[in-house]
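Written out below as structure tokens is the structure these notes cover.
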Amino acid sequence: MSQASRRWQGRRVLVTGATGMVGSWLVKALLDADACVVAFVLDPDPQSELYRSGDVTRTSVIAGSLEDARAIERAIVLHEIDTVFHLGAQTLVGVAQAAPAITFEANVRGTWQVLEACRLHAGHVRRVIVASSDKAYGEQRPPYTEDMPLAGRHPYEVSKSCADLIAQSYHHTYGLPLAIARCGNIYGGGDLNWSRLVPGTIRALLRGLRPVLRSDGTFLRDYIFVKDAIGAYLRLAEALDDGGIAGQAFNFSDESPRSVLDIVDALRRLLASPIEPEIRNDARGEIRHQYLSARKAQTVLGWTPQFDLETGLGETIDWYRAFLGLPSTQSPVGAGPRLGA
């Protein structure tokens, strides 16, 4: 076991949003580091990586909503939690546009409910990581740095801005030992929200169908592999123990912004698929160009991504092949010769 892993041995950790793509992989990493994990889930999801992998059998599960203060408090008190990773949220921009109240309830109310429970039991809770997002910055001139204001305008952005500010308030007012992670677009196996670019494109190409793009394909974003995001969350929690960063936010990115079409073309190359995307250009409430500077994380935390885009997408494709019941060596339906770079 590595020195970093030993730091998690025996720790009692609560992960909200544990059935989500990021939450599932975080639980896996914590279990591998011999932590005692409590998974807070809204509903059991047999398709989630948490359940498919069998990791759920090695955790304690608390079922409830983020808006249910008693369920959150019960999880913290009953299991004597010392570390909280708050990842639970409504994560889809389209859903936020259609149902802002639901999004605000989960992302804003849910955040202060979690942090209030941590405050009430600060004798047990020693470290809290709040998963924010690049969306918290709203629309500004990129690359975004941590000293920029949080200025969301559309419902999803506003929900992330509010949650981020609430987290800062709990530190500065009550001394809650927390740090905030702002990542770009996280991708990887286990994301079953098919409206998202990476899983939707992979599934379409594997089935011989045209991927559907809601934008015009030119929007720029950061894309960070889920294992790099997990490494960022763990490093941030470890740095809280080292001192000097409580109450701060950190951006995590590979600092290589790519367009939607760049990602689609990379997936087409890896899958040797000649299938062209269908560009609908009907996206609403989306920021055109949004990407982060990760210099602070590099300098203060010593964090750098360990996976390049091709490696991360390759692992992601393998996960979806297995999920869809396709052998790893099978060519997708309709695939032609390998495309040039």
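Using the numbering used here, read the sequence shown as starting at 1493 and increasing by one per residue. Glycine included, each C-beta is placed from N, C-alpha and C at the ideal position.
Check: Tell me which same chain residues have a C-beta within less than 6 Å of the C-beta of Asn1773, skipping the five on either side of it?; Outcome: Asp1708
Check: Return yes when the Cβ of Tyr1812 is within less than 7 Å of the Cβ of Ile1694, no when it is not.; Outcome: yes
Check: According to the neighbour-count rule (16 or more other Cβ atoms, all chains shown, within 10 Å of its Cβ), is Trp1795 buried or exposed?; Outcome: buried
Check: According to DSSP, what are the bridge partners of Glu1770?; Outcome: Val1704
Check: From this set, Gln1589, Lys1719, Ala1567, which residue's C-alpha is nearest His1438's C-alpha?; Outcome: What the structure shows of the chain is the stretch from 1493 to 1833, and residue 1438 is not part of that stretch, so it cannot be assessed.
Check: Going by DSSP, what residues sit across from Thr1575 in a beta bridge?; Outcome: Val1505, Arg1619
Check: Between Ser1651 and Asn1599, which are expected to be in contact by the criterion C-beta below 8 Å, what is the C-beta distance as a whole number of angstroms?; Outcome: 4 Å
Check: What do you get for Val1569, buried or exposed, if any count of 16 or more other CB atoms within 10 angstroms of its CB means buried?; Outcome: exposed
Check: Measure the CB-CB distance between Ile1767 and Arg1699 and report whether it falls below 7 Å.; Outcome: no
Check: Please classify Leu1816 as buried or exposed, where buried requires at least 16 neighbouring CB atoms within 10 angstroms.; Outcome: exposed
Check: Considering only DSSP beta bridges, list what Arg1713 is partnered with.; Outcome: Arg1750, Gln1782
Check: Given that a residue counts as buried once 16 or more other Cβ atoms are within 10 Å of its Cβ, and exposed if not, what is His1664?; Outcome: exposed
Check: According to the neighbour-count rule (16 or more other Cβ atoms, all chains shown, within 10 Å of its Cβ), is Thr1710 buried or exposed?; Outcome: exposed
Check: Please name the residue, chosen from Leu1523, Arg1787, Val1507, Leu1753, that lies closest to Cys1675 on a Cα-to-Cα basis.; Outcome: Arg1787
Check: Excluding five sequence neighbours on each side, which residues of the same chain lie with their C-beta closer than 8 Å to the C-beta of Ser1545?; Outcome: Ser1516, Lys1520
Check: Return the chain-ordered list of same chain residues with a C-beta closer than 6 Å to the C-beta of Ala1563, the five sequence neighbours on each side being excluded.; Outcome: Gly1556
Check: Check each candidate in Arg1727, Ser1687, Glu1807 and name the one with the smallest Cα separation from Ala1775.; Outcome: Ser1687
Check: Please state whether the Cβ-Cβ distance between Glu1559 and Gly1602 is less than 7 Å.; Outcome: yes
Check: Once you ignore the five residues that flank Glu1541 on each side, which residues in its own chain have a CB closer than 6 Å to its CB?; Outcome: Ser1516, Gly1682
Check: With which residues is Asn1599 paired in a DSSP beta bridge?; Outcome: For Asn1599, which the question treats as bridged, DSSP gives no partner whatsoever.
Check: Taking the CB atoms as reference points, tell me whether Ser1751 and Leu1712 lie closer together than 7 Å.; Outcome: yes
Check: With a cut-off of 8 Å on the beta carbons, I'd call Ser1785 and Tyr1636 a contact; round off their distance for me.; Outcome: 7 Å
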